[in-house]
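Protein chains in written order, with the working numbering: chain A, 83 to 516; chain B, 8 to 341.
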């Protein structure tokens, strides 16, 4: 019912939207592929351990990878078929991961959980854990862990900002599956014992804002169209006015942020007794014939997706998994849909940036735009000179790698890459006790 | 698909279009009104001097790059128009009576010694144009600081002879005699009847250039305004709060050119908003103070001097990260 404007935040950038490529195309269910390659580490934390063997017949939504440890998540089969291999595959993003390969046998069966016994927080969280739900916004942090914080929280913030250019999957879900999101949000709030629910939506999605304005118990906060509004810390600041201190997590200020897709998965796990086996993603860019929003079975090879979208047109020079600002580049098409995928982009030469970096001219644009108020030029130059201690002094660890600095850099420097390097080195140094 | 190689890089994969080269071209465009007015006022000799300093600056960069072993096509590809800006600024900040070889030496010094030896664009410690001008001024003081020519609109069209008018410029009038100049503020603003450097006489042209830069988002117009306003107000203070000094002091000498185009050079300004405010305020104070004390035009010297304080400002003024809280003093925890 209540709609209000978000608190303005003066830093950050404006990026070219490019959402119009498929913002108005409804989510289409892509038919199950002939073969799926399901990764055992689709989340942050320990990889799941395969519980099937080569030759086993599996059914859709059957457990094939069991969580191993506190921070881990179950993995389920996304089709019915036979396990043909369990092997380490180096995917196009350059990571070697264990995959379970399942060949489709065309059966139309599914396995469901039993009906949930009660709606106690503990039961809900247990079901979320069982269903293998992780943060589907991209981070892949197990949701069950996130919903059992050590401190008492007061606000649940739903992230409907989707500030990344090109991507539309959250937007489509918000207008097509509004009721599912609402119910999922209620379950998440129940699990946390929270009354106050806020959904933050960027102003360029009026339909989504309208869709949520009919609920009395959800506060809709209209955010300025600004990048990176979908960053956890900035979303919390703009919706609640609270600042998450450096090095702290949202729960330190009593907030919990959940992604649109995550809450839908929660709803499916609790009401429909379904484990997480598919995801919604945007296939876009000028390099693909028909950009669209797809519901895809986890483990679908990228080649099948390209074929379904009509193949590649023009000269694709970059394939990206995720959004163009924070997504990962890929070296080929050997990629398989993961729980956390939010999109595949096929960028042509004119869309992407291929300039060689030149000298930093000290213009200060990076520092002016940085939403975390860092000084990227210093961190970069310290990182490139191997002085990671000083890079840390200038706040490298606070970087959220949103890319605001590099986006506007006139010298086209790879600021994010250098800062990311510094972060990894600092973590390494801390691990080795300096 | 598989037969074509994909590009691979770290995020972000999309970027804004603006490059260093574009910024420098914008600065060159912003300098054009001043160049045109200089030529209108001082005739073809001004055009010649501007062309000489521009070409020698560009040539210096190419020569240096050739000496260090780069190929000509490489240099041309890498060329980012910064030396054009430097060359134009040097040309604009010398008087029309200056002999032709002075801008060549100044440009070569600015580009080779001040910029290229330190590592090229963005690596210079001090502003090349300012330093080039100071270098020329120190080396050829008698040639550059005397024999000022009063501009005349007719000089270009009629090809009239340039009449050297010896004597003090407006600025010297103010600060040595303490008397207000005979020229009206309108004359100072438009540069009519005012002797001075090629690009420094017509303030309107410089302001137009500054507005262009601000509209294109290249400089923050607030900073030059701070510099000019502080310099003007401090002059007023030093002269017994006589506000009649305000306009003549900001409209004379090289203050406009220095404040809008030289002091705002990215490389030699602090990186933070607060740092910039401090820097430009200090520039204004020091300029007004030194002008009063010495009675000569000091803008380029002051910019050169203050450039050296920029690393210091940058060391102490840094942004506080979002969500920063002061580290609490550890109480027994160690």
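Glycine residues also receive a C-beta, built at the ideal position from the N, C-alpha and C atoms.
Given the structure is predicted, the values throughout are model-derived calculations rather than measurements.
C-alpha gap between residue i and residue j, whole angstroms
i              : j              : result
residue 291(B) : residue 279(B) : 18 Å
residue 399(A) : residue 208(A) : 44 Å
residue 120(A) : residue 12(B)  : 26 Å
residue 169(B) : residue 407(A) : Note that residue 169(B) scores 38 on pLDDT, short of 50, meaning its location in the model is unreliable and no value can be drawn from it.
residue 416(A) : residue 172(A) : 8 Å
residue 453(A) : residue 367(A) : 26 Å
residue 56(A)  : residue 250(A) : Outside the shown range of chain A, which is 83 to 516, sits residue 56(A), and nothing can be said about it.
residue 338(A) : residue 230(B) : 42 Å
residue 331(B) : residue 449(A) : 16 Å
residue 443(A) : residue 272(B) : 9 Å
residue 151(A) : residue 227(A) : 11 Å
residue 281(A) : residue 300(A) : 7 Å
residue 514(A) : residue 459(A) : 27 Å
residue 67(B)  : residue 403(A) : 46 Å
residue 396(A) : residue 433(A) : 12 Å
residue 217(A) : residue 115(B) : 59 Å
residue 137(A) : residue 162(A) : 13 Å
residue 108(A) : residue 258(A) : 8 Å
residue 69(B)  : residue 141(B) : 23 Å
residue 14(B)  : residue 413(A) : 7 Å
residue 468(A) : residue 213(B) : 44 Å
residue 143(B) : residue 97(B)  : 9 Å
residue 197(B) : residue 82(B)  : 40 Å
residue 478(A) : residue 151(B) : 50 Å
residue 210(B) : residue 256(A) : 57 Å
From the options, residue whose alpha carbon lies closest to that of residue i
i              : options                           : result
residue 272(A) : 170(A), 229(A), 119(A) and 155(A) : 229(A)
residue 203(B) : 258(B), 70(B) and 64(B)           : 258(B)
residue 98(A)  : 512(A), 206(A), 489(A) and 499(A) : 489(A)
residue 316(B) : 191(B), 304(B), 327(B) and 286(B) : 286(B)
residue 314(B) : 331(B), 325(B), 283(B) and 303(B) : 283(B)
residue 500(A) : 359(A), 465(A) and 231(A)         : 465(A)
residue 234(B) : 262(B), 24(B) and 307(B)          : 262(B)
residue 315(A) : 335(A), 303(A) and 349(A)         : 335(A)
residue 217(B) : 302(B), 83(B) and 41(B)           : 41(B)
residue 223(B) : 18(B), 26(B) and 246(B)           : 26(B)
residue 243(B) : 298(B), 148(B) and 86(B)          : 298(B)
residue 184(A) : 381(A), 197(A) and 101(A)         : 381(A)
residue 125(B) : 72(B), 54(B) and 60(B)            : 72(B)
residue 378(A) : 111(A), 356(A), 96(A) and 245(A)  : 111(A)
residue 29(B)  : 132(A), 493(A) and 170(A)         : 493(A)
residue 38(B)  : 145(B), 310(B) and 61(B)          : 61(B)
residue 509(A) : 491(A), 496(A), 497(A) and 480(A) : 480(A)
residue 177(A) : 268(A), 123(A), 330(A) and 279(A) : 123(A)
residue 102(A) : 303(A), 325(A), 254(A) and 269(A) : 254(A)
residue 222(A) : 343(A), 159(A), 507(A) and 174(A) : 343(A)
residue 47(B)  : 119(B), 227(B), 268(B) and 207(B) : 207(B)
residue 485(A) : 182(A), 96(A) and 441(A)          : 96(A)
Classification of residue i by the beta-carbon crowding that lies within 10 angstroms, buried from 16 upward
i              : result
residue 224(A) : buried
residue 194(A) : exposed
residue 86(A)  : exposed
residue 266(B) : buried
residue 239(B) : buried
residue 164(B) : Note that residue 164(B) has pLDDT 41, beneath the 50 cutoff, so the model's placement of it is unreliable and the number below is only indicative. By the neighbour-count rule (16 or more Cβ atoms within 10 Å), residue 164(B) is not buried but exposed.
residue 75(B)  : exposed
residue 362(A) : buried
residue 24(B)  : exposed
residue 386(A) : buried
residue 107(B) : exposed
residue 155(B) : buried
residue 471(A) : exposed
For residue j and residue i, believed in contact at Cβ under 8 Å, the rounded distance
i              : j              : result
residue 240(A) : residue 340(A) : 6 Å
residue 148(A) : residue 135(A) : Not quite, the Cβ-Cβ distance comes to about 13 Å (not below 8 Å), so this is no contact.
residue 122(B) : residue 135(B) : 5 Å
residue 219(B) : residue 36(B)  : 7 Å
residue 94(B)  : residue 63(B)  : 7 Å
Which whole runs of the alpha helix (DSSP H) in the region 388–469 of chain A are 4 residues long or more, in chain order?
447–451 and 458–466
As an exercise, report each continuous beta strand (DSSP E) stretch of at least 3 residues that is fully enclosed by the region 205–265 of chain A, in chain order.
237–242
Output, in sequence order along the chain, the residues in the region 264–291 of chain B whose CB is closer than 7 Å to any CB in chain C.
Reference to chain C is not applicable here, since the protein chains of this structure are A and B.
Every unbroken alpha helix (DSSP H) inside the region 188–270 of chain B [4 residues or more]:
192–197, 210–222, 229–245 and 253–258
Mind pulling the beta strand (DSSP E) runs of 3 or more residues that sit fully within the region 154–182 of chain A?
163–172
Considering only residues of the region 126–161 of chain B, which uninterrupted beta strand (DSSP E) runs meet the minimum length of 3 residues and lie entirely inside it, listed in chain order?
Runs of the beta strand (DSSP E) spanning 3 or more residues and lying entirely within the region 126–161 of chain B do not occur at all.
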